[in-house]
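Every number in the numbering used here is 99 more than the matching position in the sequence shown, counting from 1.
For reference, the structure is listed below as structure tokens.
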Amino acid sequence: MGLLFAVVMGLAVYGVFQGIRMYRADTKLPGDLALALEVGSTRTTAVGSGIDRLGMRWAPSVLGMMGPKRVDALRRRLDMAGNPGGLTVHRFAARRAVYGALGVLALLALMARGQLIIGLLALAFGLVWPDVIIRAAIRRRKSDIERTLPDFLDVLAVVVSAGLGFRQAVERVADKYTGPWADELRITLRQMDMGVSRREAFDLLRKRNASEQVSMFVTALQQGEELGAPIVDTLIQIATDMRRTDAQNARRTAAQAVPKTTLVVTMVMLPATLVLIVLSFYYGSGVDFSDILSG
Numbered sequence: 100m101g102l103l104f105a106v107v108m109g110l111a112v113y114g115v116f117q118g119i120r121m122y123r124a125d126t127k128l129p130g131d132l133a134l135a136l137e138v139g140s141t142r143t144t145a146v147g148s149g150i151d152r153l154g155m156r157w158a159p160s161v162l163g164m165m166g167p168k169r170v171d172a173l174r175r176r177l178d179m180a181g182n183p184g185g186l187t188v189h190r191f192a193a194r195r196a197v198y199g200a201l202g203v204l205a206l207l208a209l210m211a212r213g214q215l216i217i218g219l220l221a222l223a224f225g226l227v228w229p230d231v232i233i234r235a236a237i238r239r240r241k242s243d244i245e246r247t248l249p250d251f252l253d254v255l256a257v258v259v260s261a262g263l264g265f266r267q268a269v270e271r272v273a274d275k276y277t278g279p280w281a282d283e284l285r286i287t288l289r290q291m292d293m294g295v296s297r298r299e300a301f302d303l304l305r306k307r308n309a310s311e312q313v314s315m316f317v318t319a320l321q322q323g324e325e326l327g328a329p330i331v332d333t334l335i336q337i338a339t340d341m342r343r344t345d346a347q348n349a350r351r352t353a354a355q356a357v358p359k360t361t362l363v364v365t366m367v368m369l370p371a372t373l374v375l376i377v378l379s380f381y382y383g384s385g386v387d388f389s390d391i392l393s394g
């Protein structure tokens with residue numbers, strides 16, 4: 100067993116040195132990765148940039164193991180997350196390679212100390228941590244967009260009713276906003292400037308976001324355009340429906356919280372309260388149970 104462990108550790112150390120040698124070698128980087136390292140370095144931390152550079156050589160191998168379908172799904176999830184920290188497909192693959200390698204090294208080190216379960220947990224953490232970051236970014240971005248969208252539609256309706264066209268009104272209002280929803284609108288406007296039709300640009304906006312409210316906005320906007328409904332009335336109705344949906348979701352969340360709170364009270368607070376009551380009666384009574392038991 101000791102000999103096998105020594106061989107495995109030797110191979111791991113050799114792989115690390117080979118990775119360092121490959122990192123220092125003047126080899127050509129993939130185009131997407133080179134652009135990400137140049138542009139995305141201004142959006143990520145120094146630690147994140149260092150991890151990306153360390154794992155960049157294994158990024159194509161990781162993407163090859165993932166397969167085209169999973170890479171396309173990853174690209175869509177990164178779009179929904181807003182590419183947090185300049186994260187691209189190649190950056191994600193580089194981080195997965197580094198975290199996975201660290202998880203393997205932690206597993207081997209902990210196995211040598213007889214802590215197999217903790218080692219397996221460390222390996223699982225290293226493999227899933229990049230996905231956890233993306234999921235958290237998607238939820239955070241979705242929440243920010245859904246919180247901003249109704250107020251944005253109210254302001255947009257006012258600007259359109261003042262006489263501006265829809266395209267100019269969206270650009271004017273988007274310039275006054277910050278955050279993920281403003282970023283999404285600027286992307287949509289740039290796509291329209293490049294010749295993409297308005298319908299297709301908003302379809303792409305819907306695909307980039309997992310929010311039901313964004314889907315509701317795009318659907319209602321396109322239906323209003325097809326039916327010839329006034330755009331101001333359409334925007335006001337969309338904002339009203341979104342606020343109604345938010346209120347229903349809030350009531351549903353509150354209703355789901357009641358059983359959870361009751362369970363916590365029943366399982367934790369009630370037994371603790373009973374213990375305190377019994378102990379207070381015991382110490383307050385002054386009865387010595389040792390005398391009663393001995394008698």
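Don't be surprised by glycine CBs; every beta carbon is placed ideally from N, CA and C.
No experiment lies behind these values; they were computed from the predicted model shown.
Residue i versus the options, residue with shortest Cα-Cα distance
i           : options            : result
residue 161 : 193, 229, 178, 243 : 193
residue 278 : 148, 248, 320      : 248
residue 187 : 175, 373, 205      : 175
residue 181 : 167, 158, 151, 243 : 243
residue 334 : 344, 260, 197      : 260
residue 317 : 301, 156, 289      : 301
residue 172 : 183, 281, 306      : 306
residue 339 : 322, 156, 312      : 312
Exposure of residue i, with buried meaning 16 or more beta-carbon neighbours within 10 Å
i           : result
residue 379 : exposed
residue 262 : exposed
residue 245 : buried
residue 241 : buried
residue 179 : buried
residue 198 : buried
residue 151 : buried
residue 365 : exposed
residue 341 : buried
residue 352 : exposed
residue 236 : buried
residue 294 : exposed
residue 155 : buried
Residue i versus residue j: straight-line alpha-carbon distance, rounded
i           : j           : result
residue 219 : residue 212 : 13 angstroms
residue 109 : residue 233 : Caution is warranted here: a pLDDT of 44 is assigned to residue 109, below 50, making its placement in the model unreliable, and no coordinate value can be reported.
residue 276 : residue 350 : 29 angstroms
residue 226 : residue 191 : 12 angstroms
residue 360 : residue 331 : 43 angstroms
residue 346 : residue 291 : 34 angstroms
residue 164 : residue 337 : 44 angstroms
residue 298 : residue 253 : 21 angstroms
residue 124 : residue 310 : Because the pLDDT at residue 124 is just 38, under 50, the model does not fix this residue reliably, and the value given afterwards should be weighed accordingly. Roughly 44 angstroms between the two C-alpha positions.
residue 251 : residue 229 : 32 angstroms
residue 231 : residue 258 : 40 angstroms
residue 357 : residue 373 : 22 angstroms
residue 153 : residue 343 : 49 angstroms
residue 210 : residue 195 : 22 angstroms
residue 201 : residue 157 : 14 angstroms
residue 283 : residue 304 : 7 angstroms
residue 169 : residue 216 : 29 angstroms
residue 136 : residue 224 : Here residue 136 scores only 43 on pLDDT, less than 50, and its place in the model should not be relied on; the value that follows carries that caveat. Distance between the alpha carbons of residue 136 and residue 224: 25 angstroms.
residue 267 : residue 166 : 42 angstroms
residue 288 : residue 270 : 7 angstroms
TODO: Pick out the complete alpha helix (DSSP H) segments inside the region 155-179, 4 residues or longer, and give them in chain order.
DONE: 158-165
TODO: Can you check the region 236-276 for any beta strand (DSSP E) of at least 3 residues that lies completely inside it and give the ranges in chain order?
DONE: none
Task: alpha helix (DSSP H) runs contained entirely in the region 321-378, provided each spans 4 or more residues - done: 330-363
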